[in-house]
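K.L.:
I'd like to ask you about the structure that follows.
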Amino acid sequence: MEENKVALVTEAGNGLGKALANLLLNYNYKVVLAASGKSYDRLSEEGSSIRGYELVETDFTSGERLSALKHQLKSSFGKLDLLVNNAEIVNGFGHKIDHLKIEEIKELYEVNFFAVIKIIQLMKPLLEQSEDPRIINVTSALGDINKMKDKEFCYYDYSLTAYATSKAALNMYTHLQCKEFIPSKISIHSFDPVALKNCTHNSVMICDEIKDEFIALIR
């Protein structure tokens, strides 16, 4: 029998972690869902008896806590086949320049961008133990500069300075990592879970078309 693949999914506030974890369970992955703050509290209320995935509490702004997560994965599985960087937070909705708070922007970048770099650095040795290691960075069309220039785009008028710029930074980082990983067996992808035709926010109710895109990246 083929050995189960091991996946780590991160979750900090967009509610997608559980949906992505459940999709992975359907495709024979052993799933660790690492969550922080209110996301962890909400997910832990379900109780372990009805979850197919392992729920772990962490702090994406703490190098010490992330290192502990790595050691837990190494001890339990010795490898990592799939890393889904889904953790994100949103703040400052509608804030223009006079209302921007630098500390809030820094707080958001710590989770949405810097934590992704830290986690990839930490998990790379475990990914290298997999035969077909993959990384999926969950992004957003709000970080697509060309789309945000289009007046017909449904999010054109959104002023989410911290969130949008963090996703733009993530998109560039993913592109650069793609090139860096070409000589290795690690593949890295961007995934936007928002169904733009419906102009929906990230939701646990992702449509079939988007589901299919995610499944294509994990099979």
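Numbering (the numbering used here), first residue to last: -1 to 217.
In this text, a Cβ means the ideal position worked out from N, Cα and C, and glycines have one as well.
Classify T8 as helix, strand or coil using the three-state DSSP reduction.
P.N.:
Residue numbering aside, residue 8 sits at position 10 when the sequence shown is read from its first letter. Strand at T8.
K.L.:
By the 10 Å Cβ neighbour count, where 16 or more other Cβ atoms means buried, how is I216 classified, buried or exposed?
P.N.:
Reading the sequence shown from its first residue, position 218 is the one you call residue 216. With 16 or more other Cβ atoms within 10 Å, it is buried.
K.L.:
Considering only C-alpha positions, which residue in the set S60, E9, V29, A113 is nearest to K36?
P.N.:
Here residue 36 corresponds to residue number 38 of the sequence shown, with the count starting at 1. Ranking the options by Cα distance to K36, first place goes to E9.
K.L.:
What's the C-alpha gap between Y25 and I100?
P.N.:
Mapped onto the sequence shown, residue 25 falls at position 27. Mapped onto the sequence shown, residue 100 falls at position 102. Their backbone Cα atoms lie some 42 Å apart in a straight line.
K.L.:
Would the beta-carbon of L64 fall within 8 Å of that of A33?
P.N.:
Within the sequence shown, numbered from 1, the residue matching residue 64 stands at position 66. Within the sequence shown, numbered from 1, the residue matching residue 33 stands at position 35. Contact: no.
K.L.:
Report the residue ranges of all alpha helix (DSSP H) runs contained in full by the region 78 to 148; include only those spanning at least 4 residues, in chain order.
P.N.:
Counting only runs of 4 or more, we get 100 to 107, 113 to 125, 143 to 146.
K.L.:
Does the Cβ of E86 have 16 or more other Cβ atoms within 10 Å, making it buried, or fewer, making it exposed?
P.N.:
Here residue 86 is taken as the residue at index 88 of the sequence shown, counted from 1. With 16 or more other Cβ atoms within 10 Å, it is buried.
K.L.:
V30: which of F75, F151, V109, A167 sits nearest, CA to CA?
P.N.:
Here residue 30 is taken as the residue at index 32 of the sequence shown, counted from 1. The option with the nearest alpha carbon to V30 is F75.
K.L.:
Kindly indicate which residue of V7, I204, A162, D206 has the alpha-carbon position closest to the one of L81.
P.N.:
Here residue 81 corresponds to residue number 83 of the sequence shown, with the count starting at 1. Nearest option by C-alpha distance: V7.
K.L.:
Can you name, in chain order, every residue of its own chain whose Cβ lies under 6 Å from the Cβ of A134, other than the five neighbours on each side?
P.N.:
Translated into the one-based positions of the sequence shown, residue 134 becomes position 136. Reading off the sequence, residue 134 comes out as Ile, not Ala. V82, H187, F189, L215.
K.L.:
Can you tell me whether DSSP reads Y27 as helix, strand or coil?
P.N.:
For the purposes of this step, residue 27 is taken as residue 29 along the sequence shown, with counting starting at 1. Note: Y27 maps to strand in three-state DSSP.
K.L.:
Pick out whichever of M121, D155, V192 has its Cα sitting closest to the Cα of D79.
P.N.:
Position 81 of the sequence shown holds residue 79. When each option's Cα is compared against that of D79, the closest is M121.
K.L.:
From the DSSP output, in three-state form, read off N196 for me.
P.N.:
Taking the sequence shown and counting its residues from 1, one reaches residue 196 at position 198. Residue placement at N196 is poorly supported in this model, since its pLDDT is 49, which falls under 50; the coordinates still yield a value, given next. Looking at N196 - three-state DSSP - the assignment turns out to be helix.
K.L.:
Spatial neighbours of F91 within its chain, please: CB distance less than 7 Å, with the 5 preceding and 5 following residues excluded, ordered by chain position.
P.N.:
Here residue 91 is taken as the residue at index 93 of the sequence shown, counted from 1. Within the same chain, F91 has close Cβ partners L158.
K.L.:
Could you tell me the alpha carbon to alpha carbon distance between L174 and L168, rounded to whole angstroms?
P.N.:
Taking the first residue of the sequence shown as 1, we reach residue 174 at position 176. Taking the first residue of the sequence shown as 1, we reach residue 168 at position 170. Their backbone Cα atoms lie some 10 Å apart in a straight line.
K.L.:
Can you list, in chain order, the residues of its chain with a C-beta nearer than 6 Å to that of A166? Leave out the 5 residues immediately preceding and following it.
P.N.:
As a working note, residue 166 is residue 168 in the sequence shown. Excluding positions up to five away in sequence, the list reads G141.
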